[in-house]
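Residue numbering for the sequence shown is 609 to 840, as defined by the numbering used here. The C-beta atom is built at its ideal place from N, Cα and C for all residues, glycine as well. Keep in mind it's a predicted model, so treat the numbers as computed, not measured.
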Amino acid sequence: MNDWLSPDEWQAVALSLRVSAVAVLASLPFALLVAHALARWRFPGRGLLNVLVHLPLVLPPVVTGYLLLLTFGRRGLVGQFLDQQLGMVFAFRWTGAALAAAIMGFPLMVRAIRLAIEAVDPRLEQAASTLGAHRIWVFATITLPLILPGILAGTVLGFAKAFGEFGATITFVSNIPGQTQTLPLAIYTFLQVPGGEASALRLVLVAVAIATGALLLSEWLARAVARRIGGR
């Protein structure tokens, strides 16, 4: 791939993979918790939480990016505190691209995991609880193995969304080569300059190959997990 892609193109691909992986790994525990809360718990504000989780799906990505800039920018409500107290900066950094990608992919992860949890018969969990098992132990030994295909599906959907994120990223962290220029931003940049169509096409092919490979891997893993659970 190094011979086929130029250094700038390869840099965009590597940064996109890095951003997507960090976005998914960082948001997966929260997606699992929120999905479980929406599927199993009843509490005041549950409807509002559901709306907030899915809001990035219906908002224009540029709006989401602007809200991130207002919140996590150096002068934002949260960003100013993080910068002054912890030395953490998200705006115009690759970490900000990961944050934007995580937020855009979060609803897809939550939805896939939530559907998997709702498909599990609650009586299985109740039976284990009546036998004295702690709620966390019930989740770890009964619910979690049964929802693994849903977790895998949500993870791949979140990764694919993070990998292809454009609007929120360019609004929040701009389009800085080598720092925040992910693969979609690089494609956009190449299409704006004369003679850049060939580079854009190569990156498009890379994006299609990575997305297709991720989906095929997810399908294989989901089937393997399902066969293992069924064998038990």
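Option nearest Ala-748 by Cα separation, candidates Thr-763, Ala-761, Leu-732, Gly-762: That would be Leu-732, whose Cα lies nearest to the Cα of Ala-748.
Phe-698 and Leu-707 closer than 8 Å at C-beta: Going by C-beta atoms, Phe-698 is nearer than 8 Å to Leu-707.
Buried/exposed call for Phe-565, threshold 16 Cβ in 10 Å: Look at the range of the chain in this structure, 609 to 840, and you will see that residue 565 is not part of it.
Exposed unless 16 or more other CB atoms sit within 10 angstroms - verdict on Arg-743: Exposed, by the Cβ-count rule.
As assigned by DSSP and simplified to three states, the class of Arg-650: Arg-650 falls in the coil class under three-state DSSP.
Check whether Pro-715 and Ala-830 have beta carbons under 8 Å apart: Taking 8 Å as the Cβ cut-off, Pro-715 and Ala-830 do not qualify as a contacting pair.
Helix, strand or coil at Asp-729 according to DSSP, with G and I counted as helix: It is coil, neither helix nor strand.
Alpha-carbon to alpha-carbon, Ala-808 and Val-802: Checking the sequence shown, residue 802 turns out to be Pro, not Val. Computed Cα separation, rounded: 11 Å.
Supposed contact pair Thr-797 and Gln-789 - C-beta distance, whole angstroms, cut 8 Å: Their Cβ separation, rounded to whole angstroms, is 7 Å, which keeps Gln-789 and Thr-797 in contact under 8 Å.
Start-to-end residues for the alpha helix (DSSP H) that takes in Phe-680: Element bounds for Phe-680: 669-680.
Inter-residue spacing [alpha-carbon to alpha-carbon] between Trp-828 and Ala-819: Going by the C-alpha atoms only, they are around 14 Å apart.
Option nearest Ile-778 by Cα separation, candidates Val-764, Gly-653, Pro-669, Thr-763: Comparing Cα-Cα distances from Ile-778 to each of Val-764, Gly-653, Pro-669, Thr-763, the minimum goes to Pro-669.
Own chain residues within Cβ distance below 6 Å of Phe-774, not counting five before or after: If you ignore the 5 residues before and after Phe-774, its C-beta comes within less than 6 Å of the C-beta of Pro-792, all in its own chain and listed in chain order.
DSSP three-state assignment for Gln-692, whether helix, strand or coil: Assignment of Gln-692 by DSSP, reduced to helix, strand and coil, places it in the helix class.
Cβ-based neighbour list, Gly-804, same chain, cut-off 8 Å, excluding 5 preceding and 5 following: Once the five neighbours on either side are set aside, the close Cβ partners of Gly-804 are Thr-797, Phe-798.
Assigned secondary structure, Ser-737 (DSSP; H/G/I helix, E/B strand, else coil): Of the three classes helix, strand and coil, the one that applies to Ser-737 here is helix, per DSSP.
CA-to-CA distance, Leu-641 to Val-816, given in whole angstroms: Here the alpha carbon of Val-816 sits roughly 31 Å from the alpha carbon of Leu-641.
Helix, strand or coil at Leu-623 [DSSP, three-state]: DSSP places Leu-623 in helix when its eight states are reduced to three.
Cβ-Cβ distance between Ala-620 and Leu-813 below 8 Å: Contact flag unset, no.
Check whether Lys-769 and Met-712 have beta carbons under 8 Å apart: A distance below 8 Å separates the beta carbons of Lys-769 and Met-712.
Ala-761, enclosing alpha helix (DSSP H) - first and last residue: Start and end: 752-771.
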